[in-house]
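Structure first, commentary second.
In the working numbering, the protein residues as written are 139 to 545.
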């Protein structure tokens, strides 16, 4: 369990050196990207994380052991950070448009491989860690990642202040690549528990044909997924907070590091509370609190009178990220009626969100260009309100509906 937590935490620290909310948008802006392309950063990353999971889940359920499958392919989640660092050092000034294209491609590779492996990795979690311990596991792992990211934010702030771009961004990507290598080493020593059973292999078409019936017999899951769809729209503004602040208040480049610090303050505070709360009161409550933070962040973004007040937006964003990291995937494991179907439920909770998760940030970029950033924040706030309403009135905590299964 410790090695699995170290893998997760180090992976999170690595992502902090290439944060999609701060570092990547700033790098894209340096390369001359328009708002719609900056909006494509979270869109591309979310598409990669979300889309492949359900298509990979059927194959995952046929594997007696998932860890060898994960280890074989997760290297391609990590190598692209080294490619990004080389591009920043040697290509960005010579060919900014090509560098921007390469960055989007590398982000798609990183997240696409992650999306394929997500059902297998979460199945290992579901079999290794008991239901009433998973919240604290993710919270502690996220807290460790947050502490590392918090320390790393001072490093990134110093780099961005002292080193001229694009070399400063290249140095950040080097830090990401180093953390990813350490994460792989930790994953390699995980001891996967023996599987209690596995599904029979079927064609992809036959597997996918089962999904409508599954949703039809579980309206609670269907309502949860509807709420998740609105929640994804509610979070579409996250990639624009940094760019908005840089434009409106003419903030220096080092302010990006400050925003990253505030982001991790929110994450660390959220993780300190949400893991314990999820294990005792359920993951649905944590998700609801995360959505409340999303709503608050968007409202503050609209109304903030100063750069200092606007910084609270990143605390709210960090709180929302903490809630989602602790509970979004874990609650899907609890929706699954049997252990063998866990990969399918993970796939449902990600792949069905892919079109919205991809389109929302792109639409937000077009909206920002046409009507200004405030319009993005307002629409996101409305969507978060709808998601909260659905969770509070339509969705029952799966842990309360049926007794927890042994993990």
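Glycine included, each C-beta is placed from N, C-alpha and C at the ideal position. The model shown is predicted, which means the values in this text are computed figures rather than measured ones.
Item, Value
"Residue 387 - DSSP class collapsed to helix/strand/coil", "coil"
"Residue 537 versus 300, 304, 323 and 422, residue with shortest Cα-Cα distance", "422"
"Exposure of residue 509, with buried meaning 16 or more beta-carbon neighbours within 10 Å", "exposed"
"Counted within 10 angstroms of its Cβ, other Cβ atoms place residue 210 as buried (16 or more) or exposed", "exposed"
"Closest residue to residue 254 among 285, 214, 157 and 323 (Cα-Cα distance)", "214"
"Residue 179, DSSP secondary structure in three states", "helix"
"Close-in-space but distant-in-sequence residues of the same chain around residue 204 (CB under 6 Å, 5 per side omitted)", "258, 261 and 262"
"Per-residue burial, residue 284 [other beta carbons within 10 Å of its own, 16 or more giving buried]", "buried"
"Identity of the residue in 313, 252, 325 and 361 nearest residue 547 by Cα", "Residue 547 lies beyond the stretch modelled for the chain, which goes from 139 to 545, so this question has no answer here."
"Cβ-based neighbour list, residue 168, same chain, cut-off 6 Å, excluding 5 preceding and 5 following", "303"
"Given 8 Å, three or more beta-carbon pairs between the region 176 to 194 and the region 488 to 499", "yes"
"Given 8 Å, three or more beta-carbon pairs between the region 401 to 408 and the region 451 to 468", "yes"
"Those runs of the alpha helix (DSSP H) which lie wholly inside the region 180 to 221 and span at least 4 residues", "191 to 199 and 205 to 211"
"Assumed close pair residue 375, residue 436 - CB separation to whole angstroms, cut-off 8 Å", "6 Å"
"Whole-angstrom distance between residue 269 and residue 472, CA atom to CA atom", "8 Å"
"Given 8 Å, three or more beta-carbon pairs between the region 214 to 230 and the region 511 to 524", "no"
"Buried versus exposed call for residue 542 [16 or more other C-beta atoms within 10 Å across all chains shown]", "Below a pLDDT of 50, predicted positions are generally treated as unreliable, and residue 542, at 44, falls in that range; no measurement from the model is reported."
"Closest residue to residue 221 among 426, 313, 448 and 274 (Cα-Cα distance)", "313"
"Short Cβ contact (8 Å threshold) for residue 451 with residue 439", "yes"
"Within 8 Å, strictly: CB atoms of residue 160 and residue 380", "yes"
"For residue 440, three-class secondary structure by DSSP", "helix"
"CA-to-CA distance, residue 413 to residue 278, given in whole angstroms", "8 Å"
"Counted within 10 angstroms of its Cβ, other Cβ atoms place residue 366 as buried (16 or more) or exposed", "buried"
"Distance CB(residue 287)-CB(residue 150) smaller than 8 Å", "yes"
"Cα-Cα separation between residue 466 and residue 391, rounded to whole angstroms", "33 Å"
"Helix, strand or coil at residue 576 according to DSSP, with G and I counted as helix", "The structure shown does not extend to residue 576, since the chain spans only 139 to 545, so no value can be given for it."
"Beta-carbon proximity of residue 321 to residue 478, cut-off 8 Å", "no"
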